[in-house]
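2 protein chains.
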Amino acid sequence: MIRIKYTAVIEVFKTYLKTKSQLSESEVDTIIAAGHIKKVRKRQYLLQEGDVWKYNCFVLKGCLRTYSVDEKGNEHIIHFALENWWAGDRASYESGGTSLYNIDALEDSEVFLIAKPVFEKLCKEIPALNDFVNALLHRSFIAVQNRIHTNISSSAEEKYKRFVEQYPQMLTRIPQGMIASYLGITKETLSRIRNQTSKDR
Amino acid sequence: MIRIKYTAVIEVFKTYLKTKSQLSESEVDTIIAAGHIKKVRKRQYLLQEGDVWKYNCFVLKGCLRTYSVDEKGNEHIIHFALENWWAGDRASYESGGTSLYNIDALEDSEVFLIAKPVFEKLCKEIPALNDFVNALLHRSFIAVQNRIHTNISSSAEEKYKRFVEQYPQMLTRIPQGMIASYLGITKETLSRIRNQTSKDR
DNA sequence: CGATTCTTTGAAAACAGTCAATCTGTGTGG
DNA sequence: CCACACAGATTGACTGTTTTCAAAGAATCG
Chain W
1 MIRIKYTAVI EVFKTYLKTK SQLSESEVDT IIAAGHIKKV RKRQYLLQEG DVWKYNCFVL
61 KGCLRTYSVD EKGNEHIIHF ALENWWAGDR ASYESGGTSL YNIDALEDSE VFLIAKPVFE
121 KLCKEIPALN DFVNALLHRS FIAVQNRIHT NISSSAEEKY KRFVEQYPQM LTRIPQGMIA
181 SYLGITKETL SRIRNQTSKD R
Chain E
1 MIRIKYTAVI EVFKTYLKTK SQLSESEVDT IIAAGHIKKV RKRQYLLQEG DVWKYNCFVL
61 KGCLRTYSVD EKGNEHIIHF ALENWWAGDR ASYESGGTSL YNIDALEDSE VFLIAKPVFE
121 KLCKEIPALN DFVNALLHRS FIAVQNRIHT NISSSAEEKY KRFVEQYPQM LTRIPQGMIA
181 SYLGITKETL SRIRNQTSKD R
């Protein structure tokens, strides 16, 4: 059996839209024609603090992180985005103001970008897209709220355990220190937790 | 000059919709006709863990909290809703599954409820309502994300300070112990922080 | 290999939680 | 009106968790 070994990376987005939304084939094509692929090398910024975020960004390949840097130089990661995830700064996008966050790539990545005005136009023209974006936003909200709940009710160890359950794919691709940052604990604490739990067995 | 001393409590919702949305007078009336007012006494539940949440709930008067109770019996408050705020459990609402949360009143309150199927129908019929709900959801998402950011990047004291800045109205109406719970710290710690900061002056 | 990045470890200090007792204010019923 | 109960806030002593700082140990990559 002959298999096509190389799948154009944009297919990731096509497949995503086809399986997750009610969009027709031609609507999917319209959406894809409205944006463009951007390659982001490891350590390269997609957004820097002070910039304005004007895109919808879907990760086709690789891994991005969204984070802030405080006065002491500590990074605080609020979001990871692997393939099939969205990234961006919604606050800046909505308000048009400058961003407090940085987004950069943890691996060589490829993302699909659609500029805000273009995307808004599409949402108006394609009801199924509008519905999809809404449903997505609902799910995102619920996810962030769950994260709040875990955050205010759990110890460092519990937070890590839940992270492992919820995002096992991330464990292998994201450096431990960054997971610690995402959880709001130090890398040293996370290291000790992991060591601890492996001894317990 | 003669003034009407008593404003029907539903006016709170009318005013809210008129000032915050693009809805026409008649659309506002349609929406109001689609729901009903419910009085909730202090300590009374509006939702209990295990129930399914099927409403959109706008607070006309009083104050509600959404919280979970863990194995040890500790309460973890994820949301407060004063007048002009929405309350509810979006996860249960969207999925139709049972809720992990309780909602109860901290004061004698009045809320405006619109059942899910009715509300969904309204959203389809009234584009301005749909747009408004979306914009609201966007803002909510951004707010929760900011809360995450504060949570993972701040000490107990900083969290409290930000809470005070952001929600000064709540300080006078919500017991301190509950604010502590919302922040993910103990009531004793919050008490000491407050004492500490007042000495510092 | 050398350089860089990431992780681990140790010891001390800071921070926050626990438990129990006390204090304060409020509202209720006798 | 007082006494009492109750909810909420405070305080102290103690414990436990997490951070900090510094150093050393893996792992990765060109």
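Here the protein sequences come in this chain order: W and E.
Here the working numbering is used: the first residue of the first sequence is 1, the next is one more, and so on.
Here the working numbering is used: the first residue of the second sequence is 1, the next is one more, and so on.
Backbone N, C-alpha and C fix where the C-beta goes; we use that ideal spot for every residue, glycine too.
Keep in mind it's a predicted model, so treat the numbers as computed, not measured.
Secondary structure of residue i, DSSP reduced to three states
{"i": "T19 of chain E", "result": "helix"}
{"i": "E75 of chain E", "result": "strand"}
{"i": "T98 of chain E", "result": "coil"}
{"i": "R110 of chain W", "result": "The sequence as given places Glu at residue 110 of chain W; Arg does not occur at that position. Strand at E110 of chain W."}
{"i": "R65 of chain W", "result": "strand"}
{"i": "I152 of chain E", "result": "helix"}
{"i": "V164 of chain E", "result": "helix"}
{"i": "K39 of chain W", "result": "strand"}
{"i": "I103 of chain E", "result": "strand"}
{"i": "L60 of chain W", "result": "strand"}
{"i": "A8 of chain E", "result": "coil"}
Residue i vs residue j beta-carbon contact at 7 Å
{"i": "L47 of chain W", "j": "W53 of chain W", "result": "yes"}
{"i": "K159 of chain E", "j": "T150 of chain E", "result": "yes"}
{"i": "N102 of chain W", "j": "E49 of chain W", "result": "yes"}
{"i": "A128 of chain W", "j": "Q196 of chain W", "result": "no"}
{"i": "G88 of chain W", "j": "I152 of chain E", "result": "no"}
{"i": "Y67 of chain W", "j": "I77 of chain W", "result": "yes"}
{"i": "A34 of chain W", "j": "I126 of chain W", "result": "no"}
{"i": "L64 of chain W", "j": "A105 of chain W", "result": "yes"}
{"i": "Q147 of chain W", "j": "I142 of chain E", "result": "Per the sequence presented here, residue 147 of chain W reads as Arg, with Gln not at that position. Their beta carbons are not under 7 Å apart, which means R147 of chain W does not touch I142 of chain E by this criterion."}
N-terminal and C-terminal residue of the beta strand (DSSP E) that residue i is part of
{"i": "T186 of chain W", "result": "Looking at the DSSP string, T186 of chain W is not in any beta strand (DSSP E), and its letter there is neither H nor E."}
{"i": "L46 of chain W", "result": "45–47"}
Residue-chain proximity (residue i, chain W), Cβ-Cβ < 7 Å
{"i": "Q196 of chain E", "result": "no"}
{"i": "L129 of chain E", "result": "no"}
{"i": "A91 of chain E", "result": "yes"}
{"i": "H138 of chain E", "result": "yes"}
{"i": "N215 of chain E", "result": "The question about residue 215 of chain E has no answer here: the residues shown for chain E are numbered 1 through 201."}
{"i": "I31 of chain E", "result": "no"}
{"i": "I142 of chain E", "result": "yes"}
Any chain E beta carbon closer than 7 Å to residue i
{"i": "Q145 of chain W", "result": "yes"}
{"i": "R50 of chain W", "result": "Looking at the sequence shown, residue 50 of chain W is not Arg but Gly. So no, G50 of chain W is outside the interface."}
{"i": "E94 of chain W", "result": "yes"}
{"i": "F13 of chain W", "result": "no"}
{"i": "I148 of chain W", "result": "yes"}
Residue range of the unbroken alpha helix (DSSP H) whose run includes residue i
{"i": "I32 of chain W", "result": "25–33"}
{"i": "V118 of chain W", "result": "116–125"}
Quiz item: In chain order, what residues of the region 153–173 of chain W put their CB closer than 7 Å to some CB of chain E?
Solution: S153
Exercise. Name, going along the chain, the residues of the region 59–87 of chain E whose beta-carbon falls closer than 7 Å to a beta-carbon of chain W.
Key: S68, D70, H76, I78
Practice problem: Can you give me, in chain order, the residues of the region 102–133 of chain W that have a beta carbon less than 9 Å from any beta carbon in chain E? | Solution: N130, V133
Exercise. With 8 Å as the C-beta to C-beta threshold (strictly closer), list the residues of the region 177–193 of chain W near chain E in chain order.
Key: S181, Y182, L183, G184
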